[in-house]
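The sequence shown runs -30 to -1, 1 to 182 under mature numbering (1 follows the signal peptide of the UniProt record, and there is no 0). Glycine included, every Cβ here is placed at the ideal spot set by N, Cα and C. The model shown is predicted, which means the values in this text are computed figures rather than measured ones. To start, the structure under review is shown below, and the notes come after it.
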Amino acid sequence: MTEIDRRTVARAGVFTLPVITLATAAPAFAASGTPSCPTCLTATGGAFTEQVTVLNNQTVTATTSGTFAFNLNSSSCGVGIFNPGYTITGTSTTIGYSDGATQTFNSVISGAGTFGAASAFTSTFALPTTTTNFPNAVYPSATAKEPRSITVRFTAIFVGIGGVQISCPYTVTFAFDSTGAGTIATVPVTGPVGAGTVQFTATAGAGTITNG
């Protein structure tokens, strides 16, 4: 083999190396698939209000409604995976009380999310009739029944950069100390055994969020 032939073979080998590298990288990119639900979200609670109207503790009926404001923060999540805008749809809200009882409501959540930032939402819940009992008491009271936690369940809709939409279920629980204002008492003579209206308020702190 002449010196010219050796140089020709060497140059051919160097030229073919980038072609091999590009061919092996392409399948890995194509197989990246649908993005996973983010696990980097954090939640912070805000103002909580609940109005309880007891109709008759003897038959254990009451109406309950209220609102709860909270933030979802995705600022620690990586960018470049999802489009900035996302929405959430509420499925249910559960309130836990100081006596261990719970109430679960259908809920409507309003607000718009921005992926990569803190976003504000409000859960509105209502239960026309419930079997949860509220004993006679004058609020505020250190010993009477009061709400102590709220759990919000929702589905977040994220859209990937490539246009793929995913639905991600989340559950967030917030604990707090509430204050009540109002009276539940026996109406004199012929009135029901325990009736009245109490308005509860609270401010929640950091929430515990799980995916699923």
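Reference residue i, options the options, closest by Cα
i    : options              : result
K115 : F38, F170, A174, Y56 : F170
G132 : N53, S6, T9, P8      : N53
G175 : G70, F146, N181      : F146
G164 : N27, P98, S6, C7     : N27
Span separating the alpha-carbon of residue i from that of residue j
i    : j    : result
T100 : V168 : 15 Å
S137 : T14  : 22 Å
G83  : R118 : 27 Å
F75  : T173 : 20 Å
I79  : P158 : 41 Å
P139 : G66  : 21 Å
G70  : V134 : 42 Å
T9   : G177 : 14 Å
P98  : S77  : 13 Å
G182 : T72  : 21 Å
S6   : T113 : 46 Å
Same chain, Cβ closer than 7 Å to residue i, five either side skipped, listed in chain order
i    : result
A32  : V22, T23, V24, L25, T100, T102, F104
T81  : It is Gly, not Thr, that sits at residue 81 in the sequence shown. So the list reads S89, A90, F91, T92, once near-sequence residues are dropped.
G166 : V24, G152, T153, I154, A155
Own chain partners of residue i with C-beta closer than 8 Å, once the 5 adjacent residues on each side are dropped
i           : result
S111        : G150
T37         : A17, F18, T19, T92, S93, T94, F95
residue 193 : Within the shown structure, residues of the chain are numbered from -30 to 182, placing residue 193 beyond reach of any answer.
T4          : G130, V134, I136
Short Cβ contact (8 Å threshold) for residue i with residue j
i    : j    : result
T141 : N106 : no
T153 : V108 : yes
F128 : F85  : yes
A126 : I58  : yes
Cut-off 6 Å between Cβ atoms - residues of its own chain near residue i, not counting five sequence neighbours on either side
i   : result
T12 : N43
S68 : K115, E116, R118
A87 : S45
Q: Please determine if the stretch 48 to 62 and the stretch 12 to 19 are in contact, where contact requires at least 3 C-beta pairs separated by less than 8 Å.
A: Taking 8 Å as the limit for Cβ pairs, the verdict is that the stretch 12 to 19 does not touch the stretch 48 to 62.
Q. Is the stretch 62 to 74 touching the stretch 111 to 125, taking contact as three or more C-beta pairs under 8 Å?
A. Yes: at least three Cβ pairs fall under 8 Å.
(Q) Across the stretch 83 to 91 and the stretch 33 to 45, are there enough close Cβ pairs to call them in contact, namely three or more that are closer than 8 Å? (A) Contact holds between the stretch 83 to 91 and the stretch 33 to 45, because three or more Cβ pairs, one in each stretch, are under 8 Å apart.
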